[in-house]
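A.B. asks: Taken in sequence, the protein lines are chains A and B. The first sequence: position 400 = 400 (the UniProt record's numbering), numbered continuously. The second sequence: position 378 = 378 (the UniProt record's numbering), numbered continuously. A virtual CB, placed ideally from N, CA and C, is assigned to each residue, including glycine.
There are 2 protein chains.
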Amino acid sequence: MGATMTLPSPATSFLEEATNLLGQRGLTSDPELVETWLTDWRGRYTGRALAMASPASTAQLAALVKLCAAHRVPIVPQGGNSGMAGGATPDDSGNALLLSLRRMDRIRAIDRDAGQVVCEAGVILQHLHEAADEAGMRFALTLGGKGSATIGGLVSTNAGGTQVLRHGTMRAQVLGLEAVLANGEVFDALTPLKKDNRGFDLKQLLIGSEGTLGIVTAATLRLLPASNGRVTAWTGLAAITDARALLRRVERDLGEALEGFEVVPAHCLDSVLAHQPAARAPLAGRHHWNALIECVSSSADSSDLRDKLETSLAAAMEEGLLDDAAIAANERQAEDFWHLRDSISAAERALGPAMQHDISVPVEKMPEFILAASPLIEAAFPGTQAVAFGHLGDGNVHFHVLAPAAAVRGEWEEAEGKAVSARVHDLVCEWGGSISAEHGIGQMKVDELARLHDPVALSLMRSVKQALDPDGLLNPGKLIAADPTACT
Amino acid sequence: MGATMTLPSPATSFLEEATNLLGQRGLTSDPELVETWLTDWRGRYTGRALAMASPASTAQLAALVKLCAAHRVPIVPQGGNSGMAGGATPDDSGNALLLSLRRMDRIRAIDRDAGQVVCEAGVILQHLHEAADEAGMRFALTLGGKGSATIGGLVSTNAGGTQVLRHGTMRAQVLGLEAVLANGEVFDALTPLKKDNRGFDLKQLLIGSEGTLGIVTAATLRLLPASNGRVTAWTGLAAITDARALLRRVERDLGEALEGFEVVPAHCLDSVLAHQPAARAPLAGRHHWNALIECVSSSADSSDLRDKLETSLAAAMEEGLLDDAAIAANERQAEDFWHLRDSISAAERALGPAMQHDISVPVEKMPEFILAASPLIEAAFPGTQAVAFGHLGDGNVHFHVLAPAAAVRGEWEEAEGKAVSARVHDLVCEWGGSISAEHGIGQMKVDELARLHDPVALSLMRSVKQALDPDGLLNPGKLIAADPTACT
C-alpha cells in the first residue's frame, strides 16, 4: 500500500510536524539564522543541528518535546548562548534539534508585596534587573553576561556571580519552577511555598542539571527591596592570607551589608591597566593583592554604612591587614572599580594563551590553596604563570595558568594546556574542592568529571539521568558521560 | 548433599550474619529493648520488626545495608522516634529491620572559624545546641522535640520549627551530607563547598526524602555566631489580617533581627490557660488573635533592639494593627511567652478529639485562607471548630479541627475525622498549598499525597525512587505509594 509514493525521510517528516506545531516563526533551518547559535560565544565549540526551534509557550514546547520523543530527536536547549562550558552547543552529528528559549521572554507576574517575580526562561537577566528596579525592588544576582544570559540558562547552570557571598547562587533565588520533562509532560512547581515537605524536592534536582533532566520554561524568583545605595572600596594588601582576615573583619563589622569581596592579584591589575590605557589604578602604589569590597545599604541612609566601612578598614590597617584603601567617592568611581575587576578575563586573554579554571575549595582553605598550588603548577610547567582572582569569600577563584612567553595560541592549549588543567584539577580534588564552582560541566568538563568525581556520586547521577530521560534525548553528551561499563 | 543438616531459616541466617557484623550490642531481638521503638511517640502507629540494629559507625551501617540488600530485608531507619507522621515506624509484617541511628551520636568536628559542625545522625538536637553554645556559636533551628529529635531525622524530614522565618528549614542548615545508599555504598558529600556545580545536587534529593532514598549518617551543618540576647513580645490583635500587616511592619523596621512570628487565636490561649492553671495571660484583655514576636540581636547590644521593637509596635498600634502589647521584661518572661505557644497542642488535645493538619499556602494568602476555610469546615461538619495557629510568616499553620462536644475519642477520628481531613486537604490544594508543610508524609499521608499531588510530580518521584532503591528496601510504604498502574 502506497508503494508508489515518495516516502518522506524521517527527518523531513519530523520537521514538517514540528513546523505544524510551532508555525514558520517557530522553526527554521535557514543557515543564516541558525549558524550564529551553533558556536558558543567564546568560539570554542561548534556543532550542527537539524533545525532551530523557537517555541512561543510552554504548551508549544511540551508538544514539541512529545514529538521529539516519538521521533527520537535529541534536544539541545539554549538561552543566551553565553555559557562557559559549551553546554548549549550541539555536537557535530547534526541529529539534534537546537531549542532556543529566547522567544519565551515574558515576565508573567511581579508581586512587590510577596517579593516575587515569575519569569519565562527567555527573560534576559538585564531585563529582569530593569523590571525589578521599576517595581522598587532588586534581583540579587548579577554577572558579566547579564546582557545576554537568560533566566532559563541561569537556573539550569545554577549561576553564581559577584553577589553570592551574601545572597547565594541562582538556587537560592529560585522559589518555584516550571519545566518540560523528557516525555513532554509539564512539571509545574511555580507556586512558591516557603514550607513544603511533600517528598523529594524535584525543583532542586532540575536546578543546575544543565538541561539534561528537563527543560526549564519558567521560574518564580525572589526579589529583595531596592537598596539605598552602595559603598565600594578598593584595598591594597601584601598577602592573600591577609585578604581572608580582612574579609572576616569586614563581615564582623558590616554584617549582612557586605555583598561583594573580590580579590585581584597585582598581575591581573597590571594586565587590565596595560590593556585599557584609559583605566586608572585606584591606589597610588602597587600591591601584591587587591580586594574589591562592596557593601549595600537596605536602610534609608547609606552614609552610616560609609562610616562603618571606613572605621572597619582603618582598624584593619591598624592591624596590618591592609596597606592602603580607597572608598569610591561616587557611583561613577564605584563603577570604575568594578570595571577593573570585570576586565580581567579579557585583559589576561590578550596577553597570550592561557588555561582557565573555575574552581572552589572549602572557603577557609582558599588562601592556602592558592599559595600551595601556584608554585607547584609553575614548577611542573616551566615558564607558566598561575594567576588566581575572584570570589574569595565563596572559596571560588578563577585560577588561570598563563602559557610561557613563546607559546603559540591554538597549539599550546592542546599540547601542554590540557596537562596543566589535569594537574590543576588533580590538586583541587586533593584539597576536597570542585572542578566546577560556578560554570557547570557542559561538554568542556565531561571527561574530567568522569575521571575525578566520586564514583558513587557519578553512579547516582547516571541512575537519575536514566530514570528521568531513559532515551537520552535531553542535551546528550553534556554533564554526564555514558557509563563506560554499561552494556548497552 | 547435607540433606540431614537442619538448615537455618533465611531470617536466622540474616540475623546471625548481622550480629557478626554489628556485635551483640549492635543487634537485638529482645522484645523489652525493641518494643518501645515499635510505636511512634504519639501512639498512633505500631509495627513489628525482625530485630533492631544499632550500628556504631557509617562503615558498620554500610556493611549491614549490603547484607540487607543480599537478603532482601527491608530497613526502617529511626532517629529519636519523635516524628509526626509515622515515618519511622515499621509496618506490621515483621519483615523489616528496625535501624536505630541513636548510637551514632558523635559530633565529629566543630569549626568556629568556618561556622560549621559535623554531626552524626544520632546526635540529639539539644546536644547540638549545647555544643554550639559552648563554642560561642548557635545552631539556628529548634523545635518542640529537641530533647529527642536527632540530626538524621531532622535532615531526613527537612524539619522546620519556630526560626524558619529568618533562617529557613533544615535544608538551609545543611552544608554537607553523608548517607548510605540502598546498595550499601557510602555517598560522601560532607565537605562543604559554598559553590559547586558538578551536576545534580544529590544532597538536596536526600534531604526530606524520609529515608526512602538513602540513610543519612552524618551532616555538616551551618553555625551562626552566638546571639547577644533576644527581645520577645506578646501582642493582642483584632484580626488575622492585622497579624499579616503587623508582621510586614516589624520586618520592615527590624529587618534581619526578626526571627519568630507565631500567631495564636483566642481559643488556643484560652485552652492553654485552662489546661495549665499556673500559666498567666500575658495581656489584660482577651484578643481574637495574639502574635508572639521574637527578635534576636547579633550585635553587642540588645537594648537597641528593644527600643526598635517598642517603636515599631507603638507605630503599629497607632495604625490600629494591634490593640495591646507586652515586651518580656526578662529572659524568664520570654520563656513564659514561648511556653504558652508550645503548650497549645497538648492543651487542645486535652479538650477532646481533633484532627490536626500541618499545612501551608503561599505566605501572602494565609490570613485569607484561614478566614475562608474555617467557616467552610465548620459548616460542612456541624459542631466542629477550626483553630489555626503557628508560623504565619512561613505561610504555615497547624490547622486543627476540634470534634463536636459529644464526639467519642478514638471513634470520631476514624469516622467523621477522616472526612474532615480530606476536606481540609482539598481546600489547601485549591489554594495552591501543601498538605505537609513541615511534618513530612511518613505513613500518615501516603494516601492523601497519592490522591492529591500533581501526577507529574508523583510520577517523577516514583522514577527517582525506582532508580535509587530498585528493590524497595528503604523505608517501604513511606512517602510514596507504589504506582497503582504499575504491572509488577
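Buried or exposed for A:V117, going by 16 or more other Cβ atoms inside 10 Å?
C.D. replies: buried
A.B. asks: Scan the stretch 180-198 of chain B for residues whose Cβ lies nearer than 8 Å to a Cβ of chain A and list them as they occur along the chain.
C.D. replies: L181, E185, V186, F187, D188, A189, T191, P192, L193, K194, K195, D196, N197, R198
A.B. asks: Contact defined as beta carbons within less than 8 Å: I believe A:P55 pairs with A:R103. What is the distance between those atoms, to the nearest angstrom?
C.D. replies: 7 Å
A.B. asks: Go through its chain and collect everything with a Cβ distance to A:V363's Cβ below 6 Å, but skip five positions before and after it.
C.D. replies: G395
A.B. asks: Using a cut-off of 9 Å between C-beta atoms, extract the partners of A:I480 located in chain B.
C.D. replies: G199, F200
A.B. asks: Excluding sequence positions up to five away, which residues of its chain have a Cβ less than 7 Å from the Cβ of A:P192?
C.D. replies: Q116, L175, G176, T220
A.B. asks: Are the beta-carbon atoms belonging to A:A437 and B:D242 less than 9 Å from one another?
C.D. replies: no
A.B. asks: At 3 residues or longer, and completely inside the stretch 110-138 of chain A: list those beta strand (DSSP E) runs for me, N to C.
C.D. replies: 116-120
A.B. asks: Chain A beta carbons: is any one of them nearer than 9 Å to that of B:G79?
C.D. replies: no
A.B. asks: Return the residue from the list B:L309, B:Q466, B:G320, B:L258 that minimises the CA-CA distance to B:G393.
C.D. replies: B:L258
A.B. asks: Compute the Euclidean distance between the alpha carbons of B:G442 and B:Q173, then round it to the nearest angstrom.
C.D. replies: Distance between the alpha carbons of B:G442 and B:Q173: 22 Å.
A.B. asks: Determine the direct distance from the alpha carbon of B:E17 to that of B:G168, and round the result to whole angstroms.
C.D. replies: Spanning the two alpha carbons is a distance of roughly 43 Å.
A.B. asks: Would you kindly work out how many angstroms separate the C-alpha atoms of B:W431 and B:A457, rounded to a whole number?
C.D. replies: The straight-line gap separating the alpha-carbon atoms of B:W431 and B:A457 is approximately 18 Å.
A.B. asks: Within its chain, find whatever has a CB closer than 6 Å to the CB of residue 510 of chain B; leave out the 5 residues flanking it on each side and keep chain order.
C.D. replies: The question about residue 510 of chain B has no answer here: the residues shown for chain B are numbered 1 through 488.
A.B. asks: Quick one: what's got a C-beta closer than 8 Å to A:L22's C-beta in the same chain, skipping five residues either side?
C.D. replies: Taken in chain order, the residues that qualify are A53, S54, P55, A56, Q60, L64.
A.B. asks: Taking 9 Å as the CB-CB cut-off, is A:G83 touching chain B?
C.D. replies: no
A.B. asks: List, in order along the chain, the chain A residues whose C-beta lies closer than 7 Å to that of B:G160?
C.D. replies: Annotation: Cβ neighbours of B:G160 in chain A (cutoff 7 Å, chain order): K195.
A.B. asks: Along the beta strand (DSSP E) that carries A:G260, what are the first and last residues, could you check?
C.D. replies: 258-265
A.B. asks: Identify the contact partners of B:L449 in chain A, using a Cβ-Cβ distance below 8 Å as the criterion.
C.D. replies: Contact of B:L449 with chain A by beta-carbon distance below 8 Å involves R198, G199.
A.B. asks: Report the three-state DSSP secondary structure of A:D92 (helix, strand or coil).
C.D. replies: coil
A.B. asks: Considering only residues of the same chain and omitting the five flanking positions on each side of B:R244, which have a CB-CB separation below 6 Å?
C.D. replies: P367
A.B. asks: Where does A:V428 fall in DSSP's three states?
C.D. replies: Here DSSP, grouped into helix, strand and coil, assigns A:V428 to helix.
A.B. asks: If I measure Cβ to Cβ from A:Q385 and keep anything under 8 Å in the same chain, skipping five residues before and after, which residues do I get?
C.D. replies: H267, E378, V401, L402
A.B. asks: How about the stretch 152-161 of chain A and the stretch 209-226 of chain A: do they share at least three Cβ pairs that are nearer than 8 Å?
C.D. replies: Touching, yes.
A.B. asks: Could you give the first and the last residue of the continuous alpha helix (DSSP H) run that contains B:D342?
C.D. replies: Start and end: 331-342.
A.B. asks: Check whether the Cβ of A:A437 lies closer than 9 Å to any Cβ atom in chain B.
C.D. replies: Interface with chain B (9 Å Cβ-Cβ cutoff): A:A437 is included.
A.B. asks: Is B:I435 closer than 9 Å to B:V428 when the C-beta atoms are compared?
C.D. replies: yes
A.B. asks: Over what stretch of residues does the alpha helix (DSSP H) that includes A:Q356 continue unbroken?
C.D. replies: A:Q356 -> not in any alpha helix (DSSP H); beta strand (DSSP E) instead, spanning 354-360.
A.B. asks: In chain B, which residues lie less than 8 Å from A:E364 when you measure between Cβ atoms?
C.D. replies: D111, D113, A114
A.B. asks: Among A:V263, A:G260, A:A281, which residue has its Cα nearest to the Cα of A:D270?
C.D. replies: A:A281
A.B. asks: Taking a contact to mean a Cβ-Cβ separation below 9 Å, would you say B:A347 touches B:A274 in this structure?
C.D. replies: yes
A.B. asks: Return the bridge partner residues of B:A325 from the DSSP annotation.
C.D. replies: B:T235
A.B. asks: Measuring straight from C-alpha to C-alpha, what distance separates B:R249 and B:S312?
C.D. replies: 7 Å
A.B. asks: Consider the Cβ of B:E210: report whether some Cβ of chain A lies at a distance smaller than 9 Å.
C.D. replies: Contact with chain A is found for B:E210, since one of that chain's Cβ atoms lies less than 9 Å from the residue's Cβ.
A.B. asks: Quick check on A:G214: buried or exposed, where buried means 16 or more other Cβ atoms within 10 Å of its Cβ?
C.D. replies: buried
A.B. asks: Could you check whether the Cβ of B:N396 sits closer than 9 Å to any Cβ belonging to chain A?
C.D. replies: yes
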